[in-house]
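Sequence lines, in order, name chains P and Y. The C-terminal residue of the first sequence carries number 557 in the numbering used here, and the numbering is unbroken. The C-terminal residue of the second sequence carries number 301 in the numbering used here, and the numbering is unbroken. For glycine and all other residues, C-beta sits at the position ideal for the given N, C-alpha and C. Below is one structure, written out as structure tokens; comments come after it.
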Amino acid sequence: MRRSYMHYVLAALGIISLLAGFALVPLFYQAHQPIYAGAMIVVLALAVFIYTSPRMYAYRYVVPGILAGIVFIALPVAYTLGISFTNYSSQHLLSQARATDVLLQKRITGDASMNMKLFSKGDQYKLYFSDDAGKGYISDATPLTATKEQHVPLHETTATDGFGAPVLLKDLFKLQPGLKQVVAVMPDGTELRQSSLRRFAQSKPAYTLNADGSLTDVEHGGVLKPNIHSGFFETASGQQLEPGFRVNVAWQNYWRIFKDPAFHEPFLRIFTWTIAFASLNTLATFAIGIVLAVMLNWEALEFRGAYRMMLFLPYAVPAFISIPVFKGLFNENLGEINLVLNMILGVRPSWFSDPTLAKSMVLLVNTWLGYPYMMILCMGLIKAIPEELYEASALAGAGPFTNFFRITLPLILRPIAPLLIASFAFNFNNLTLIALLTSGGPDFLDTQVPAGATDLLVSYTYRIAFQDSGQNYALASAISSIVFLIVATLAVVNLRLFKVNRQNA
Amino acid sequence: MPIVLKKSSRWRKLICHVGLILFIAATIFPFLMIISISLRPGNFAGGSLIPHSISFEHWKLALGMSYTDADGNLVKPPFPVLLWIWNSMKVAFISATVSLVLSITSAYAFARMKFRGKGAMLNGLLLLQMFPSVLALVAIYALFDRIGDYVPWLGVDSHWSLALAYTGGVAQHIWLIKGYFDSVPYELEEAARVDGATPFQAFIYVLLPMAVPILVVVFVLAFLGGMIEYPVASVLLHDEQKLTLAIGSRLFLFNQRYLWGDFAATAILAGIPLTAIFMVTQRWLVSGLTAGSVKG
Numbered sequence: 053m054r055r056s057y058m059h060y061v062l063a064a065l066g067i068i069s070l071l072a073g074f075a076l077v078p079l080f081y082q083a084h085q086p087i088y089a090g091a092m093i094v095v096l097a098l099a100v101f102i103y104t105s106p107r108m109y110a111y112r113y114v115v116p117g118i119l120a121g122i123v124f125i126a127l128p129v130a131y132t133l134g135i136s137f138t139n140y141s142s143q144h145l146l147s148q149a150r151a152t153d154v155l156l157q158k159r160i161t162g163d164a165s166m167n168m169k170l171f172s173k174g175d176q177y178k179l180y181f182s183d184d185a186g187k188g189y190i191s192d193a194t195p196l197t198a199t200k201e202q203h204v205p206l207h208e209t210t211a212t213d214g215f216g217a218p219v220l221l222k223d224l225f226k227l228q229p230g231l232k233q234v235v236a237v238m239p240d241g242t243e244l245r246q247s248s249l250r251r252f253a254q255s256k257p258a259y260t261l262n263a264d265g266s267l268t269d270v271e272h273g274g275v276l277k278p279n280i281h282s283g284f285f286e287t288a289s290g291q292q293l294e295p296g297f298r299v300n301v302a303w304q305n306y307w308r309i310f311k312d313p314a315f316h317e318p319f320l321r322i323f324t325w326t327i328a329f330a331s332l333n334t335l336a337t338f339a340i341g342i343v344l345a346v347m348l349n350w351e352a353l354e355f356r357g358a359y360r361m362m363l364f365l366p367y368a369v370p371a372f373i374s375i376p377v378f379k380g381l382f383n384e385n386l387g388e389i390n391l392v393l394n395m396i397l398g399v400r401p402s403w404f405s406d407p408t409l410a411k412s413m414v415l416l417v418n419t420w421l422g423y424p425y426m427m428i429l430c431m432g433l434i435k436a437i438p439e440e441l442y443e444a445s446a447l448a449g450a451g452p453f454t455n456f457f458r459i460t461l462p463l464i465l466r467p468i469a470p471l472l473i474a475s476f477a478f479n480f481n482n483l484t485l486i487a488l489l490t491s492g493g494p495d496f497l498d499t500q501v502p503a504g505a506t507d508l509l510v511s512y513t514y515r516i517a518f519q520d521s522g523q524n525y526a527l528a529s530a531i532s533s534i535v536f537l538i539v540a541t542l543a544v545v546n547l548r549l550f551k552v553n554r555q556n557a
Numbered sequence: 006m007p008i009v010l011k012k013s014s015r016w017r018k019l020i021c022h023v024g025l026i027l028f029i030a031a032t033i034f035p036f037l038m039i040i041s042i043s044l045r046p047g048n049f050a051g052g053s054l055i056p057h058s059i060s061f062e063h064w065k066l067a068l069g070m071s072y073t074d075a076d077g078n079l080v081k082p083p084f085p086v087l088l089w090i091w092n093s094m095k096v097a098f099i100s101a102t103v104s105l106v107l108s109i110t111s112a113y114a115f116a117r118m119k120f121r122g123k124g125a126m127l128n129g130l131l132l133l134q135m136f137p138s139v140l141a142l143v144a145i146y147a148l149f150d151r152i153g154d155y156v157p158w159l160g161v162d163s164h165w166s167l168a169l170a171y172t173g174g175v176a177q178h179i180w181l182i183k184g185y186f187d188s189v190p191y192e193l194e195e196a197a198r199v200d201g202a203t204p205f206q207a208f209i210y211v212l213l214p215m216a217v218p219i220l221v222v223v224f225v226l227a228f229l230g231g232m233i234e235y236p237v238a239s240v241l242l243h244d245e246q247k248l249t250l251a252i253g254s255r256l257f258l259f260n261q262r263y264l265w266g267d268f269a270a271t272a273i274l275a276g277i278p279l280t281a282i283f284m285v286t287q288r289w290l291v292s293g294l295t296a297g298s299v300k301g
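Here it is as structure tokens:
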């Protein structure tokens, strides 16, 4: 067996990615993620096994694609599910360890505060401090190049000058990064940190860590205990301390969606509209698509090619362009649609503020966007219907309507059914349309969470996660998980009912 | 078609023509409107379909040039449109390439080899394909935000992370390519195998060259998908210099500042190449689309 260049190139690539993978292990370990580091080692060992064992030959080919599917689809889905059981939100962004770190780094300013002058000594510097009473302190010469906190002891001094001229302002600016790291330690142990350009102030940590993970409030006394139900450090009286941390809240998010009226009421309304939107839209695009397809398949009709091209256009233009165009055309005061309606009928419908009109506008626009796809599908499927059927019906004297309802439609329904389900699932999750056209509006006025008449479940989720001031990622993930369940059911139905078609596709 | 021609046939044809023309008129009205708006001076929506005066101010802004308005003020482009187009192309190109490379070999194994768990894996991929990335937005954001703490070029506001997020399309691509491989006769590779080629050589030198059409289709599909994607990009990108066109173009149409004319010119500028790619490849794309994907 002759080995080609390709083999060596691939082998080299494999070794490089293996080494890169191993490089990640200590990185994970350093980031206090020993589980990831362990998982990485297992994955790499598996990879080596698969790509060297002759018995696993077929899997060498399969693994890249399957792995991509797992990493880029299954993993986010699982992660969504995981988040939905936590309290992850803008108030609870950090892990408990990180939140503790943030709190431990908080400092309170003490009473002592002194002026600072800087004197250069070769390429090192002496810091001279004087308090308001005129007492002076001086440090040893230190290089101001530290990147970590640097403790500099001070000695009492009576000499007020004799160091030469202090460092000029412009040089002082240059030395800022180093000065920021200086912790000047007074003879009595008080620590001073830079508070402004030429002033140092006493500062001490606001909290100290106790052995059991609780914090002691240095200023007021009292112990703050982490509450693993609320995700906050709390005082004995229940006062909460920002920032909170992520904790497991079990089914609480789902509970809120189904039991709390403030959440389940808009959820149900939006759910109903999502179903209505997806089914109405699938029906409308299919109805228009099949009628157009029948017309365009009528061989006696002239200019069919030109018509087809024109009708196809809405599909070819990217949605992120055509949807905003419609947003402009439907504009209540300036849009062309109201201009025309005003001229002919004398009315100016408020497309964006009336819930019913907004819903019909969304449906109209999406039908416009979606019918060409259905048309193309139907054209392909109609071509597959045997001519003899129409010949026979023509001999029996049937008209076009009989042909359509007795021959074309029944014969098309079976093969197109799985695609209709796919279209339903797609529109069920059509975030782009809603986000670009109405952003969910007009908003309900009687709900606590932001929700609107045209919000689909996904856009509702999107608003809860990324637009509302609360940024409740966990609640959004819970809703996403429910939608996942619906989509998964649809997918399984699709797979079970239309297995044969799928295999042929 | 040996259909007996009746008198009513002429009437029917006429009705068809009228109906189609009316429908097409309604369909392409928005496009005519947007062309007209891009050529009108000023950022107004109102006005007749055929502009009274033609001005190329919006086109200049869209192309990144400034112009002097009637009052003698220099108007600068409000947004870096060309940069956005470049960003979109970059992201789409990376994601299309990565997902194509990842899916080719899997498709080959699924089409030509027998191994344990094959049926289950294929069905699993089909299920995965049904999950839109929109639903995992929070997870995608949280994952990349976390990764960004350790690997900055893979965090939020990075084109690489966006491109990787788009790679979720592999499931669908594997199915499309596998379907094509199935239609290529196996005998050719068998002949190569008899001549001493390894399965890998048979794949690279015999099957792949014959599969170029479907590879082009999958690449174009993935590329167009990346160019027009909105939700994931809107979550992962924030920096104005990093935006893709799909999210950037939204900035023209804020309620307080409705730069209608500038948007129109930008939209046409961006839409023409995309539409052209789509039109040229549509014959092949449609067969791919029929196999289960829907426009995004």
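At a cut-off of 8 Å between C-beta atoms, Glu388(P) counts as an interface residue with respect to chain Y. In this chain, the alpha helix (DSSP H) harbouring Asp150(Y) covers Leu142 to Tyr155. The Cβ atoms of Ile322(P) and Tyr512(P) sit closer than 8 Å to each other.
For Ser529(P), the chain Y residues whose C-beta falls within less than 8 Å of its own C-beta are Val143 and Ala144, listed in chain order. Taking a C-beta cut-off of 9 Å against chain P, the contacting residues of the segment 213-237 of chain Y are Leu229, Met232, Ile233, Glu234, Tyr235 and Pro236, listed in chain order.
In this structure Ser93(Y) is not in contact with Ile273(Y), their Cβ atoms being roughly 15 Å apart against a cut-off of 8 Å.
In the pairwise beta carbon analysis, the segment 460-468 of chain P is classified as not touching the segment 212-219 of chain Y: fewer than three pairs are separated by under 8 Å.
Assignment of beta-bridge partners to Gly504(P) by DSSP yields Asp495(P). Of all alpha-carbon atoms in Tyr425(P), Pro470(P) and Phe404(P), the one lying nearest the alpha-carbon of Ile486(P) is that of Phe404(P). Rounded to the nearest whole angstrom, the C-alpha separation of Asn482(P) and Tyr259(P) is 48 Å. For Asn128(Y), the closest Cβ of chain P is nearer than 8 Å. Contact annotation for Ile68(P) against chain Y: no contact, minimum CB-CB distance about 15 Å [criterion: below 8 Å].
Per the DSSP secondary-structure output, Ser255(P) pairs in a beta bridge with Thr161(P). If you draw a straight line from the Cα of Tyr189(P) to the Cα of Lys178(P), it comes to about 10 Å.
Assignment of alpha helix (DSSP H) within the segment 276-332 of chain P, counting only whole runs of 4 or more residues, yields 304-311 in chain order.
No Cβ of chain P is located within less than 8 Å of the beta carbon of Ile40(Y).
Taking a Cβ-Cβ threshold of 8 Å, the residues of chain P close to Met135(Y) are Ala474, Ala477, Val539, Ala540, Leu542, Ala543 and Asn546, in chain order. Burial state of Tyr57(P) is exposed, judged by a 10 Å Cβ sphere holding fewer than 16 other Cβ atoms. Tyr525(P) reaches chain Y at Val143 and Ala147, counting residues in chain order whose Cβ is nearer than 7 Å. When Cβ-Cβ separations below 8 Å define contact, Tyr514(P) makes contact with chain Y.
For Phe137(P) and Ala130(P), the gap between their C-alpha atoms comes out near 11 Å. Taken in chain order, the members of the segment 13-39 of chain Y whose beta-carbon sits within less than 9 Å of a beta-carbon on chain P are Ser13, Ser14, Arg17, Lys18, Cys21, His22, Gly24, Leu25, Ile26, Phe28, Ile29, Ala31, Thr32, Ile33, Phe34, Pro35, Phe36, Met38 and Ile39. Rounded to the nearest whole angstrom, the CA to CA distance from Tyr442(P) to Gly449(P) is 10 Å. Counting C-beta pairs with one atom in each stretch, the segment 123-134 of chain Y and the segment 120-129 of chain P have three or more that are closer than 8 Å, which means they touch. Annotated three-state conformation of Phe120(Y) is coil, per DSSP. Exclusion of the five residues before and after Ala517(P) leaves Tyr525 and Ala528 as the residues of its chain whose Cβ lies within less than 6 Å of its Cβ. As a beta-bridge residue in DSSP terms, Thr260(P) pairs with Thr268(P).
Among the residues of chain Y, those whose CB is under 8 Å from the CB of Tyr131(P) are Ala141, Ala144, Ala147 and Leu148, following chain order. Close to Trp420(P), with beta-carbon spacing below 9 Å, are these residues of chain Y in chain order: Ala31, Thr32 and Pro35. Counting only Cβ-Cβ distances below 7 Å, Gly90(P) has no contacts in chain Y at all, with the closest Cβ about 17 Å away. Within the segment 236-266 of chain Y, the runs of alpha helix (DSSP H) that reach at least 4 residues and sit entirely inside it are, in chain order, 236-241 and 250-253. When only Cα atoms are considered, Asp153(P) and Pro195(P) end up about 29 Å apart. By the neighbour-count definition (other C-beta atoms within 10 Å, threshold 16), Ala345(P) is a buried residue.
With distances taken between CA atoms, Asn349(P) lies nearest to Leu433(P) out of Lys169(P), Ala185(P), Ala474(P) and Leu433(P).
Look at Phe268(Y) here: in three-state DSSP terms it is helix. Using a Cβ-Cβ cut-off of 8 Å, Phe124(P) counts as an interface residue toward chain Y, since at least one Cβ of chain Y sits closer than that to its own.
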